[in-house]
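Participant: Supplied in structure tokens, the structure appears directly below.
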Amino acid sequence: MTDLSKIRNFCIIAHIDHGKSTLADRMLQLTGTIEARKMKEQVLDAMDLERERGITIKAHPVMMKYTAKDGQHYQFNLIDTPGHVDFSYEVSRSLQACEGAILVVDAAQGVEAQTVSNAFLAADHHLTIIPVLNKIELPSAQPEAVAQQIEDLLAIDATECLEVSAKAGQGIVETLEAVVERIPPPKPSEEKAARGLVFDSKYDAFRGVVIYMRLFSGHLKTGEKVRMMSTGQEYEIKELGVFTPDPEARKELTEGSVGYVIANIKDSSEIQIGDTITTARNPADDPLPGFKEIHPMVFAGIYPVETSDYEKLGKGLDKLRLNDAAFSYQAESSVALGFGFRCGFLGLLHMEIVQERLRREFDLDIIASYPNVIYRINLKSGDTIEVDNPAYLPDPTFVENMEEPFIKATIITPTTCLGDMMQLVMEKRGEITHTDSIDAQRVMLTCDLPLNEVLIDFYDRLKSLSRGYASMDYEHADYRESDLVKMDILIHSEPVDAFSCIVHRSKAVLRGRQMCASLKDVIPRQAFSVAVQATLGGKIIARETIRAFRKDVTAKCYGGDISRKRKLLERQKEGKKKMKSIGKVSIPQEAFIAVLKTKQE
């Protein structure tokens, strides 16, 4: 039986790029969890995408052995978490499996938007927070000023802050000692039966589903039968163990530990994240409190370029869904793109990562349609429907009004860029509810914005206006009535459903012009001229013409009478007319991507 007082479960939370993964690297090195020859930067970021982009996408658990200064041996279960707003759900799941959190703040940049939201998230889960000021080796570091910011904004005592340089390996021992002293050990459970919280899972082609869980009470052994409490299905444990950081098999897992379980689970849909795992022989009466259901905010269609890949795409999405509970999908079809899936994401980066993972891990060629949010349509009959795809919008004559989702955003920006930020928020139909000044250099703006406006390029423009210094975090607020219209794009007089979008009436003309202009650049010239038009309910609001290319039919006429050349040109003209009446325009894949990337002028 493990001594619970010697176990510490904690995670590392921070804003993007404040040094979580580097701090985790130093801890793994200092505790001797990883041999020096296997050590590399961001060792826990196992996915290629994470290493390339230098960001953490998935939470990564690892067990470390630590001998404290008093000579006692401790077992640390650490979970390294992502910092980006689109992956905050990963963070909330990891917090549920811990008793404490190390809050990393960059001593040069200070408290950022994500720092605030992650700290509040940890406080909601009643975790003990250890504030750590990282990067104190930088010449621009101001540890005293940042400690004061932490006290003012997060109500955490400034004297509790530890000064660390993860890169130089300075202050790591003090941090580990603080984990021992400040973070409470797991509470012994009243419950005798085994209860484990499933906080993540992944699919292994050879062994089926691998469940990541934190055991809150009892113990599990190999060969034992376990039951999933939400479905009531039973499985036999083939293997269980801990992460060091590679999976290491054990005979049993005891109360308070974080590890993995491999049972004979073939299908990824049988596991739900937030479920409780218990033994079949002596099951627990009540499941553990799971996670609140997460609802996707952004929807886009994903279609295979080759129609024969439809099944493969479905299987790929199924496996990603297992590993990423914030992602959802359902089948749909489109006139222009054929059969595909309507997918829901937490944000644009989340959408980009899912698409990239489909391309890499499942070797798929895919096209994504224009991202949309969920609109509420109040009909004159008194019914309310929710629409996430412009194709399903009812006839305007039946619609009383339309509501769109608003978010509450927190933007931290340098004081010098305040004017530009206010202008950006106004331009995106937002309103600033209040401003707080953090210190002499920075201001925190709280504003209400329509989610639809934030989707495409808000984050990029926020960064470019502030030269990279501003940061933003948001949460869903409510639905509000807006004057929304459906804009269609016609190519050669035929509507292309993949380009349809719902926009605010005041933005429709500008958006239509931009979309037509970017399509004109990417659709190849045909043997006849092609009109690209944007329409609002039958009224054309923007138009571009793709000029026809001319084949030189007179190439083989040299010298001779001009009337012969004329005759050939006339015949070509006739042919083009006929072609235009029956000609179909093929739209290349680049066109769908170009429309997504249409920037504000």
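Under the working numbering, the first residue of the sequence shown is numbered 560, with each subsequent residue one higher. The beta-carbon is built from N, C-alpha and C at its ideal position, and this holds for glycine as well.
Using the Cβ count rule (16 or more neighbours within 10 Å means buried), how would you classify Asp584?
Facilitator: To locate residue 584, count along the sequence shown from 1; it is residue 25. When all chains shown are included, Asp584 counts as buried.
Participant: Relative to the C-alpha of Glu719, which residue among Glu703, Lys1022, Lys726, Ala727 is closest?
Facilitator: Translated into positions along the sequence shown, residue 719 becomes position 160. Nearest C-alpha to Glu719: Glu703.
Participant: Among all the DSSP beta bridges, which residues are the ones paired with Lys565?
Facilitator: On the sequence shown, residue 565 is found 6 positions in, with the first residue counted as 1. Answer by DSSP bridge pairing: none, since Lys565 is not bridged.
Participant: Tell me whether Lys1098 is buried or exposed, calling it buried when 16 or more other Cβ atoms sit within 10 Å of its Cβ.
Facilitator: For the purposes of this step, residue 1098 is taken as the residue at position 539 of the sequence shown. Exposed, because fewer than 16 other Cβ atoms sit within 10 Å of the Cβ of Lys1098.
Participant: Within 10 angstroms of the Cβ of Leu603, are there 16 or more other Cβ atoms? Answer buried if so, exposed if not.
Facilitator: For this step, residue 603 is matched to residue 44 along the sequence shown. Its pLDDT being 48, under 50, Leu603 is placed unreliably in this model, and the value from its coordinates should be taken loosely. Buried.
Participant: For Met772, which three-state DSSP category applies?
Facilitator: Mapped onto the sequence shown, residue 772 falls at position 213. If DSSP states are grouped into helix, strand and coil, Met772 belongs with the strands.
Participant: Pick helix, strand or coil for Val723, following the three-state DSSP scheme.
Facilitator: In the sequence shown, counting from the first residue as 1, residue 723 sits at position 164. The answer is coil: DSSP assigns Val723 none of H, G, I, E or B.
Participant: Taking Ile926 as the reference, give the member of Ala752, Val913, Ile933 with the closest Cα.
Facilitator: In the sequence shown, residue 926 corresponds to position 367, counting from 1. Of Ala752, Val913, Ile933, the residue nearest in Cα terms is Val913.
Participant: Using a 10 Å radius around the Cβ and a threshold of 16 neighbouring Cβ atoms, would you call Val864 buried or exposed?
Facilitator: Numbered from its first residue, the sequence shown carries residue 864 at position 305. By the neighbour-count rule (16 or more Cβ atoms within 10 Å), Val864 is not buried but exposed.
Participant: Look at the alpha carbon of Phe900 and the alpha carbon of Arg1070, and state the distance between them as a whole number of angstroms.
Facilitator: The residue you call residue 900 lines up with position 341 of the sequence shown. The residue you call residue 1070 lines up with position 511 of the sequence shown. Looking at the two C-alpha atoms, the distance is approximately 26 Å.
Participant: For Lys967, list the residues DSSP reports as bridge partners.
Facilitator: On the sequence shown, position 408 is the one that residue 967 refers to. Lys967 is bridged to Asp1007, Glu1034.
Participant: Is there a Cβ from chain B that is less than 8 Å from the Cβ of Met980?
Facilitator: The structure shown contains no chain B, having only a single protein chain.
Participant: Determine the direct distance from the alpha carbon of Glu795 to that of Gln1159, and round the result to whole angstroms.
Facilitator: Position 600 of the sequence shown, counted from the first residue, corresponds to residue 1159. Position 236 of the sequence shown, counted from the first residue, corresponds to residue 795. Legend: pLDDT at Gln1159 = 39, less than 50; position of this residue unreliable, value from coordinates given subsequently. Rounded to whole angstroms, Gln1159 to Glu795 spans 56 Å at the Cα level.
Participant: Considering only the beta carbon of each residue, do Leu587 and Val663 sit closer than 8 Å?
Facilitator: Within the sequence shown, numbered from 1, the residue matching residue 587 stands at position 28. Within the sequence shown, numbered from 1, the residue matching residue 663 stands at position 104. No; because the gap between Cβ atoms is not below 8 Å, this pair is not in contact.
Participant: Please report the distance separating the alpha-carbon of Glu1103 from that of Asp1047.
Facilitator: In the sequence shown, the residue the question calls residue 1103 occupies position 544. In the sequence shown, the residue the question calls residue 1047 occupies position 488. Glu1103 and Asp1047: Cα-Cα distance of roughly 14 Å.
Participant: Comparing alpha-carbon positions, which option in Glu814, Val768, Glu736 lies nearest Ala753?
Facilitator: On the sequence shown, position 194 is the one that residue 753 refers to. With distances taken between Cα atoms, Ala753 lies closest to Glu814.
Participant: Please report the residue range of the beta strand (DSSP E) in which Arg786 lies.
Facilitator: Here residue 786 refers to the residue found at position 227 of the sequence shown. Counting along the chain, the beta strand (DSSP E) containing Arg786 begins and ends at 784-787.
Participant: Work out the CA separation of Ile571 and Ile689 for me, nearest whole Å.
Facilitator: Working through the sequence shown from its first residue, we reach residue 689 at position 130. Working through the sequence shown from its first residue, we reach residue 571 at position 12. Cα-Cα distance, rounded: 10 Å.
Participant: Does DSSP put Thr943 in a helix, in a strand, or in coil?
Facilitator: The count along the sequence shown starts at 1 and reaches residue 943 at position 384. Of the three classes helix, strand and coil, the one that applies to Thr943 here is strand, per DSSP.
Participant: When you compare only the Cα positions, how much space is there between Glu1012 and Lys1126?
Facilitator: For this step, residue 1012 is matched to residue 453 along the sequence shown. For this step, residue 1126 is matched to residue 567 along the sequence shown. Each residue's alpha carbon lies about 55 Å from the other.
Participant: Tell me which residue opens and which closes the beta strand (DSSP E) that Ser760 is part of.
Facilitator: Working through the sequence shown from its first residue, we reach residue 760 at position 201. That run of the beta strand (DSSP E) goes 754-763.
Participant: If you reduce the DSSP assignment to three classes, tell me which class Gly767 lands in.
Facilitator: Within the sequence shown, the letter at position 208 stands for residue 767. In this structure, Gly767 counts as strand in the three-state DSSP scheme.
Participant: Identify whether Gly730 lies in helix, strand or coil by the three-state DSSP scheme.
Facilitator: Position 171 of the sequence shown, counted from the first residue, corresponds to residue 730. Three-state result, Gly730: coil.
Participant: How is Asn948 classed by DSSP in three states: helix, strand or coil?
Facilitator: The residue you call residue 948 lines up with position 389 of the sequence shown. In the structure shown, Asn948 sits in coil (DSSP, three-state: anything other than H, G, I, E or B).
Participant: Would you call Phe965 buried or exposed, if buried means 16 or more other Cβ atoms sit within 10 Å of its Cβ?
Facilitator: The residue you call residue 965 lines up with position 406 of the sequence shown. Label assigned to Phe965: buried.
Participant: According to DSSP, is Tyr869 part of a helix, a strand, or is it coil?
Facilitator: As a position in the sequence shown, residue 869 is number 310, starting the count at 1. Looking at Tyr869 - three-state DSSP - the assignment turns out to be helix.
Participant: Does the separation of the CB atoms of Thr674 and Ala822 fall below 8 Å?
Facilitator: Counting from one through the sequence shown, the residue named residue 674 turns up at place 115. Counting from one through the sequence shown, the residue named residue 822 turns up at place 263. Cβ distance not < 8 Å, so Thr674 and Ala822 don't count as in contact.
Participant: Tell me the residue span of the beta strand (DSSP E) that contains Phe1017.
Facilitator: In the sequence shown, counting from the first residue as 1, residue 1017 sits at position 458. Element bounds for Phe1017: not the beta strand (DSSP E) but the alpha helix (DSSP H), 1017-1024.
Participant: Measure the alpha-carbon distance for Thr1191 versus Ala890 and round it to whole angstroms.
Facilitator: Lying outside 560 to 1160, the shown extent of the chain, residue 1191 is not represented and no answer is given.
Participant: From the DSSP output, read off the bridge partner residues of Pro806.
Facilitator: Residue 806 sits at position 247 when you count from the first residue of the sequence shown. Answer is Phe802, bridged to Pro806.
Participant: Could you check if Met985 is buried or exposed, using at least 16 other CB atoms within 10 Å of its CB as the buried criterion?
Facilitator: Counted from its first residue, the sequence shown places residue 985 at position 426. Burial call: exposed.
Participant: Would you mind reading off the limits of the alpha helix (DSSP H) that contains Asn677?
Facilitator: What you label residue 677 is simply residue 118 of the sequence shown in a count that begins at 1. Unbroken alpha helix (DSSP H) run through Asn677: 672-683.
Participant: What residue range is occupied by the uninterrupted beta strand (DSSP E) comprising Ser816?
Facilitator: The count along the sequence shown starts at 1 and reaches residue 816 at position 257. First-last for Ser816: undefined, no H or E at that position.
Participant: Under three-state DSSP, which class holds Met856?
Facilitator: Here residue 856 refers to the residue found at position 297 when the sequence shown is read from its first residue. Coil.
Participant: For Leu721 versus Val670, is the C-beta spacing smaller than 8 Å?
Facilitator: Translated into the one-based positions of the sequence shown, residue 721 becomes position 162. Translated into the one-based positions of the sequence shown, residue 670 becomes position 111. Not a contact, by the Cβ cut-off of 8 Å.
Participant: Determine the closest residue to Asn960 out of Arg935, Gly873, Lys694, with distance taken between C-alpha atoms.
Facilitator: Residue numbering aside, residue 960 sits at position 401 when the sequence shown is read from its first letter. Minimum Cα distance to Asn960 is reached at Arg935.
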